[in-house]
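> Protein chains in written order, with numbering that gives the first Met the number 0: chain A, 0 to 260; chain B, 0 to 428.
Positions of the beta carbon are idealized from the N, C-alpha and C atoms, including for glycine.
No experiment lies behind these values; they were computed from the predicted model shown.
Let me begin by handing over the structure; questions about it come next.
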Amino acid sequence: MSKPRVAVHKFSSCDGCQLGILNLEDELLDLVGIIEIAYFLEATSKIQPGPYDIALVEGSVSTPHEKKRIQEIREESGVLIAFGACATSGGIQSLRNFVDHTKLAEAVYDHPEYLDYLEKATPISDHVKVDLEIHGCPVNKYQILEAIIALLQQRTPNFPTHSVCLDCKRNGTVCVMVTQGIPCVGPVTRAGCGAICPANGRGCYGCFGPAPQAEFDAMIPLLQAAEEYPNQTVHLLRNFAGYAPAFRNAVDAMLEESPKK
Amino acid sequence: MTKNISIPALARVEGEGALYIRTKDNKIEHIELNIYEPPRFFEGFLQGRYFQEVPDITARICGICPVAYQMSSAKALEDAFGVEISPDVYNLRRLLYCAEFIESHVLHMYMLQAPDLLGVDSVIEIAAIAPDVVKKALRSKKLGNDLLKAIGGRSVHPVSTKVGGFYRWPDKDKIKGLIEDFKWGLEFAKETARWAVGLDFPDFEMEYEYVAVSHPDHYAIYDGDVLSSTGNKVPVEEYETRYLESHVPQSTALHSHTTQGNSYFVGPLARYNLNFEQLRPTAMEIAKEIGFVPPEFNPYKGLLARAIETIEVYDVAIELMEAYDPQGPPYAKFDLKDGEGYGVSEAPRGLLYHRYKVGKDGLIKEAKITPPTAQNYAQMEADLAKLAPKVLFDRSHKEASVALEHLLRSYDPCISCSTHFLKLKHDRV
């Protein structure tokens with residue numbers, strides 16, 4: 000059997016998630032023994048034409064060119080994996096979706112008219128059918144490996160669906176919110192990072208996006224009561240995965256209740 | 000008479016870009032490096048964020064050098080609030096920066112630039128010829144990542160840095176546990192430099208104005224003043240009086256130049272030329288042994304500067320790890336006030352400047368970030384203009400594009416920070 004052909008594509012992003020593949024130092028040489036890297040600009044100048052069996056897509060769609068390119072990639076790809084918070088929920092650049100983008104452009108550039116971009120930065124699934132999502136800002140590199148191996152073994156990848164909270168308990172990390180009153184969105188955030196923020200003495204800031212069964216109604220009053228500065232809860236949720244529907248809706252509800260904040 | 004050249008992709012860089020060259024009668028008429036990485040508006044949406052969020056947010060500008068963004072931003076905000084960090088915080092930040100240099104430099108030397116010098120497409124092909132070398136390189140790169148993880152929880156977008164210091168001191172056993180591996184890493188870094196000097200670097204030189212951070216006591220990475228090879232030295236708060244950015248139509252990256260209108264060069268070769276005398280004995284000994292001493296004006300040899308710097312940072316890291324015994328709180332306490340602050344440090348790919356205006360409510364009023372690639376942009380174009388006539392007319396399209404791409408790759412451009420991928424379009428009219 001020939002090796003499956005894998006392509007890695009970049010959209011609007013920081014490159015940190017595809018770096019996760021190059022950061023598989025112990026596994027990389029074995030990995031390229033079982034898959035063929037057919038297109039991966041950050042790693043190789045050898046560019047092989049599609050179609051590809053697996054496409055890994057990093058980044059969000061934020062320009063007219065990207066909007067067109069994702070359609071082309073979908074057509075030439077077997078399984079399309081969106082990986083990283085930008086690809087799965089729009090990422091940090093989707094913060095512009097909540098404000099007047101022209102003001103942002105004016106704040107950064109002398110000549111906003113030179114720029115060609117879409118009003119909103121949006122996840123890949125807003126544009127094409129996505130077969131699998133890997134969450135996180137950045138993704139956990141072992142989840143990329145798990146996704147590829149699971150596909151080769153024709154099984155569903157084993158990704159956690161619980162919240163960060165449970166991983167703190169498993170790690171033996173004492174709860175920073177209960178014991179120190181530090182606002183932490185771990186209870187509503189998807190596990191996968193290893194619960195590293197509480198382990199480092201700070202609250203989770205939600206970079207893996209919403210956990211599938213997050214209880215926002217229960218958590219938000221607790222978070223608001225613990226705020227260290229006004230609107231901290233809004234800031235925590237409206238950040239790296241702020242455009243993910245569950246985080247977006249939770250913040251919208253908060254802002255509706257107190258429009259001045 | 001007319002010719003169209005199109006290189007569909009600049010590989011092994013970070014970000015997206017294109018190169019357009021128009022020639023007529025074998026003369027360059029127009030040359031334009033076009034970065035079309037989407038605008039991401041960081042400076043815009045930092046406005047209104049709480050200051051303590053800034054190191055986390057700016058890290059996301061670049062997945063390869065997030066620590067540089069965390070350091071320059073934390074320093075700028077500490078400057079705004081008048082915060083003094085403790086000596087132990089200072090040393091731990093230097094150690095964290097060493098970890099990022101190892102990860103980024105080894106990545107660039109072996110995975111991004113070496114394939115050009117060996118005439119292959121990727122490190123995977125190098126692994127087919129020399130598997131042991133690649134395995135060692137991967138081990139060295141991993142050591143950088145291991146230290147990032149020990150200090151920051153993870154290697155990409157680490158989580159421990161805050162304005163004022165660190166959220167907590169990293170575990171002593173984890174740091175000390177890496178020392179023996181780092182001693183191996185230091186020896187491998189020497190091996191790399193001895194190997195790299197024998198590579199067949201293209202013959203190309205330019206007269207550069209080098210600009211880098213410079214510190215009186217050591218080879219600067221984390222802190223210092225901004226020094227130019229013209230002799231001009233300014234403290235960080237005067238950076239914008241000498242270095243300006245402008246927005247050009249073909250790009251989402253802003254272009255920097257000096258107030259005299261000149262292009263300048265930041266990065267490993269700039270640091271090496273300006274601060275060479277401050278290398279520690281271990282790195283200096285190897286630099287002299289391989290005969291790589293300034294002045295050096297071949298941009299491709301940035302790889303050798305990276306090789307010597309990798310020795311330097313391994314050496315510094317080992318010393319800092321052996322001495323690691325933090326005392327007192329991991330961060331300074333301070334009061335918020337209205338203010339403006341400046342921060343500069345050396346990302347692996349060059350000088351990184353941040354400035355913030357912040358209110359006493361802790362919210363950011365204005366942010367200004369000047370990444371290394373924006374500063375090198377005009378210089379990269381000038382280099383291309385000099386190289387292009389030498390390669391465009393008497394070589395095949397593929398050979399010409401490889402030569403031009405290699406030149407750009409030697410800068411280690413982080414295009415996503417300004418804005419990875421280059422398309423050479425050559426029109427002969």
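DSSP state of B/F181, grouped into three classes?
Start at 1 with the first residue of the second sequence, and residue 181 of chain B comes out as number 182. Looking at B/F181 - three-state DSSP - the assignment turns out to be helix.
> Going by alpha carbons, who is nearest to A/A240 out of A/L94, A/I72, A/E75?
Here residue 240 of chain A refers to the residue found at position 241 of the first sequence. Answer by Cα proximity: A/L94.
> Considering only residues of the stretch 11 to 60 of chain B, which uninterrupted beta strand (DSSP E) runs meet the minimum length of 3 residues and lie entirely inside it, listed in chain order?
Runs found: 16 to 23, 26 to 34.
> Are A/F46 and A/G77 touching if we call contact CB-CB under 9 Å?
Counting from one through the first sequence, the residue named residue 46 of chain A turns up at place 47. Counting from one through the first sequence, the residue named residue 77 of chain A turns up at place 78. Before going on, a small fix: residue 46 of chain A reads as Ile here, not Phe. No, the Cβ-Cβ distance between A/I46 and A/G77 is not below 9 Å.
> Provide the residue(s) that pair with B/E339 in DSSP beta bridges, ordered along the chain.
Against the second sequence, residue 339 of chain B aligns to sequence position 340. Beta-bridge pairing links B/E339 to B/K356.
> According to the neighbour-count rule (16 or more other Cβ atoms, all chains shown, within 10 Å of its Cβ), is A/K9 buried or exposed?
Indexing the first sequence from 1 puts residue 9 of chain A at position 10. Buried is the call here.
> Going by CA-CA distance only, name the one from B/Y242, B/A219, B/W183 that's closest to B/E208.
Start at 1 with the first residue of the second sequence, and residue 208 of chain B comes out as number 209. Per the Cα distances, B/Y242.
> Please confirm if A/L236 has its CB atom under 9 Å from at least one CB of chain B.
Here the question's residue 236 of chain A lines up with position 237 in the first sequence. It does not; no Cβ of chain B falls within 9 Å.
> Roughly how many angstroms separate the alpha carbons of A/E256 and A/L23, rounded to a whole number?
If you number the first sequence from 1, residue 256 of chain A lands on position 257. If you number the first sequence from 1, residue 23 of chain A lands on position 24. The straight-line gap from Cα to Cα measures roughly 46 Å.
> From A/T121 to A/V60, what distance separates their C-alpha atoms?
The residue you call residue 121 of chain A lines up with position 122 of the first sequence. The residue you call residue 60 of chain A lines up with position 61 of the first sequence. Computed Cα separation, rounded: 5 Å.
> Kindly indicate if chain A contains any beta-carbon less than 9 Å away from that of B/K359.
The count along the second sequence starts at 1 and reaches residue 359 of chain B at position 360. It does not: the Cβ of B/K359 has no partner Cβ on chain A nearer than 9 Å.
> Along chain A, which residues have their Cβ under 7 Å away from the Cβ of B/D55?
If you number the second sequence from 1, residue 55 of chain B lands on position 56. By Cβ distance, chain A contributes Y204.
> Determine the burial state of B/H254: buried for a count of at least 16 other Cβ atoms within 10 Å of its Cβ, exposed for fewer.
Within the second sequence, the letter at position 255 stands for residue 254 of chain B. Burial call: buried.
> Take A/L55 and list the residues in its own chain whose beta-carbon comes closer than 6 Å to its own, dropping the five residues that flank it on each side.
Position 56 of the first sequence, counting from 1, holds the residue named residue 55 of chain A. Same-chain partners within the cutoff: V7, I80, F82.
> Please classify B/D216: does DSSP put it in a helix, a strand, or coil?
In the second sequence, counting from the first residue as 1, residue 216 of chain B sits at position 217. B/D216: coil per DSSP, three-state reduction.
> Count the other C-beta atoms from every protein chain shown that fall within 10 angstroms of the C-beta of B/A322, then say buried if there are 16 or more, exposed otherwise.
The residue you call residue 322 of chain B lines up with position 323 of the second sequence. Flag for B/A322 reads exposed.
> List, in order along the chain, the chain A residues whose C-beta lies closer than 9 Å to that of B/K141?
Locating residue 141 of chain B in the second sequence gives position 142, counting from the first residue. Under the 9 Å cutoff, chain A gives N22, E24, D25.
> With distance defined between alpha-carbon atoms, name the residue in A/L28, A/T62, A/Q92 nearest to B/T57.
Along the second sequence, one-based indexing puts residue 57 of chain B at 58. Closest by alpha carbon: A/Q92.
> Would B/N231 be called buried (16 or more neighbouring beta carbons within 10 Å of its own) or exposed?
For the purposes of this step, residue 231 of chain B is taken as the residue at position 232 of the second sequence. Result: exposed.
> Taking DSSP's pairing of strands, which residues face B/Y242 in a bridge?
Looking up residue 242 of chain B in the second sequence gives position 243. In the DSSP output, where bridge partners are listed per residue, B/Y242 has B/T257.
> With distances taken from CA atoms, which of B/R354, B/Y341, B/G358 is nearest B/L335?
Walking along the second sequence from the start, residue 335 of chain B turns up at place 336. Ranking B/R354, B/Y341, B/G358 by Cα distance to B/L335 puts B/G358 first.
> Using a Cβ cut-off of 9 Å (strictly closer), state whether B/I123 contacts chain A.
Taking the second sequence and counting its residues from 1, the one referred to as residue 123 of chain B is at position 124. So yes, B/I123 belongs to the interface.
> Which residues does DSSP pair with A/I133 in a beta bridge?
To locate residue 133 of chain A, count along the first sequence from 1; it is residue 134. BP columns for A/I133 point to A/F82.
> Report the rounded CA-to-CA distance for B/F434 versus B/G197, giving the unit in angstroms.
Because chain B in this structure spans residues 0 to 428, residue 434 of chain B falls outside the shown range and cannot be described.
> Three or more beta-carbon pairs under 8 Å between the stretch 169 to 185 of chain B and the stretch 349 to 368 of chain B, yes or no?
The stretch 169 to 185 of chain B is not in contact with the stretch 349 to 368 of chain B.
> Give a yes or no on whether the C-beta atoms belonging to A/G202 and A/V173 are separated by under 9 Å.
Taking the first residue of the first sequence as position 1, residue 202 of chain A is located at position 203. Taking the first residue of the first sequence as position 1, residue 173 of chain A is located at position 174. For A/G202 and A/V173, no; Cβs fall outside 9 Å.
> Drop a sphere of 10 angstroms on the beta-carbon of B/P280, count the other beta-carbons inside from all chains shown, and report buried for 16 or more, exposed for fewer.
By 1-based counting over the second sequence, the position of residue 280 of chain B is 281. So B/P280 counts as exposed.
> What does B/H353 touch in chain A if you count any residue whose Cβ is under 7 Å from its own?
As a working mapping, residue 353 of chain B is identified with position 354 in the second sequence. Those do not exist, as B/H353 stays about 14 Å from chain A at its closest Cβ, beyond 7 Å.
> Taking 9 Å as the CB-CB limit, is B/N231 close to chain A?
For the purposes of this step, residue 231 of chain B is taken as the residue at position 232 of the second sequence. No, B/N231 does not count as interfacial toward chain A.
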